[in-house]
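Worksheet: the structure to be examined is printed underneath.
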Amino acid sequence: MKYDFFKIALIFSISSLLISACDINSSKTDEWNENEIVILKSLWLKSLPNLPDDPSNSVANSKLAAEFGKKLFFDTRLSANGKVSCATCHQAERQFTDGLKKAIAIGMSDRNTPSIVGSQYSPWQYWDGRRDSQWSQSLAPLENAHEHGTNRFQVIKVIFEDLEYRKIYQELFGPLKRAEQLSDSELNASFANIGKSIAAFERTIMPTTSRFDEYVANLNKKNENFESEILNKDEKAGLRLFIGKAECTQCHNGPLLTNNEFHNTGLLNFPGDVPDRGRVNGVREVLESEFNCRSIFSDNPIKNCPELDFVRTGSVLIGAIKTPSLRNLEKTAPYMHKGQLLTIADVLDHYNSAPDAMIGHNEAKPLGLNTIELRQLEAFLGTLDAPVSFLGKDL
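Using this note's numbering, the first residue of the sequence shown is number 16, and each one after it goes up by one.
Take a look at the structure:
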């Protein structure tokens, strides 16, 4: 009996130790070292700097221009068939994407519709960065045969003939003549002003606080050993993988989780598609653009354009595509620049294997994650979802 008593006591003691060990492991779920905390705070939305100035756009921060730009953004009259607007592909309820593999407006585009949420923080627009400002980017679809399919003459004609539009335009930019009375240079300048107004609206389109941001905010309020229920166990494990083993922050860093740079990650094209040369062509196009930072239509009097002056070139950019933000992935499927991957799990599988590139060189290395780790990483990415806001209001 004495032996049984000690046996029971020993079993009880071991059980207590095991329970204590589990409690200790549980309590360490939210323990982050000093370097990890620095990284987490760097990804926090509250770390996003103030909206950068755009000296090339004199109405960039004008509330009137933003309201005007919103009207233009949703106006189908700025298209050849009267049915297409910017919002046709950039749908607010889909985080300003369209849910399609490739954008469809008047025709089908060659690429997937990128989200424009937070794009005002990027020096480059489009998947290949072929435009260097939001206003120059917003002009291109208007005259693209597969998108709006119209032209600058017709755009200015719409503005002049709409009394409300003409009044707002003239308040912002001065007198506007009939399109038929404009010289080529006047027409081009007026067209540029339309892009600047749309950009003023797009500059207000921002992500809002996600569960991940709430988690970091709580981490910031407490010591390193706090325990938070904002993220579950798998989400926290995925976060550790994101900033650690998976090395996602090499490209997806900063509060918008993008470095706004260009990388070839070995994505396959759809059958029949010509391999996408990506950034190597985008550099050529942005340097030749009639509406780039150096153009006479830029409002920057000194034409200070360091992004263009020191733009990276070379064969390393063959097949390189802009790093997208990882915020708000839930409503932006399918993924990648041609919508090649339907789910986040597909994206993670792609990076886990890192296949050879069809064109150029794949910069990505296999992640080497197991099935559980892939699931955890996907769980974390879901914590980055949140509503968007524009014109200072949540959608």
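For each residue, glycine too, the CB sits at the ideal point set by N, CA and C.
Computed from a predicted model, the values in this text were never measured in an experiment.
Check: Nearest by alpha-carbon distance to residue 212: which of 83, 372, 386, 52 is it?; Outcome: 83
Check: Could you please give me the residues that DSSP links to residue 293 through a beta bridge?; Outcome: 335
Check: Taking 8 Å as the threshold, find out whether the stretch 74-93 comes into contact with the stretch 214-223 through three or more Cβ pairs.; Outcome: yes
Check: From residue 341 to residue 363, what distance separates their C-alpha atoms?; Outcome: 13 Å
Check: Verify the CB distance criterion: does residue 105 have a CB-CB separation below 8 Å to chain C?; Outcome: Included in the structure is just one protein chain, with no chain C present.
Check: Just to confirm, are residue 173 and residue 93 a CB contact at a threshold of 8 Å?; Outcome: yes
Check: Counting C-beta neighbours from all protein chains within 10 Å, is the total for residue 33 16 or more, i.e. buried, or is it exposed?; Outcome: Any answer about residue 33 is weak, because its pLDDT of 41 lies below 50 and its placement is not dependable; what the coordinates show is given next. Exposed: under 16 other Cβ atoms inside 10 Å.
Check: Between the C-alpha atoms of residue 68 and residue 387, what's the straight-line distance to the nearest angstrom?; Outcome: 44 Å
Check: Between residue 385 and the ligand FAD, is there a pair consisting of the residue's CB and a ligand heavy atom that are separated by less than 7 Å?; Outcome: For the ligand FAD, the structure offers nothing, since it holds no ligand at all.
Check: Relative to the alpha-carbon of residue 142, which residue among 296, 399, 358, 314 has its alpha-carbon at the smallest distance?; Outcome: 296
Check: Are three or more beta carbon pairs between the stretch 273-285 and the stretch 322-341 nearer than 8 Å?; Outcome: yes
Check: Grouping DSSP H, G and I as helix and E and B as strand, with all else coil, what is residue 264?; Outcome: helix
Check: Distance, Cα to Cα, residue 406 vs residue 251?; Outcome: 33 Å
Check: By alpha-carbon positions, which one of 379, 59, 166 ends up nearest to residue 262?; Outcome: 379
Check: If we count the other Cβ atoms within 10 Å of its Cβ and call it buried at 16 or more, is residue 162 buried or exposed?; Outcome: buried
Check: Looking only at its chain, what residues have a beta carbon closer than 8 Å to the beta carbon of residue 391, apart from the 5 residues adjacent to it on each side?; Outcome: 249, 250, 252, 253, 256
Check: Please report the distance separating the alpha-carbon of residue 65 from that of residue 109.; Outcome: 25 Å
Check: Between residue 332 and residue 294, which are expected to be in contact by the criterion C-beta below 8 Å, what is the C-beta distance as a whole number of angstroms?; Outcome: 4 Å
Check: Unbroken alpha helix (DSSP H) runs of length 4 or more, entirely within the stretch 96-138: which are they?; Outcome: 101-104
Check: Let me confirm a value: residue 285 is counted as buried when at least 16 other C-beta atoms fall within 10 Å, else exposed. Which label applies?; Outcome: exposed
Check: In the structure shown, what three-state DSSP assignment does residue 141 receive?; Outcome: coil
Check: Excluding the 5 residues flanking residue 191 on each side, which residues of the same chain have their C-beta closer than 8 Å to its C-beta?; Outcome: 171, 174, 175, 181, 184, 185, 205
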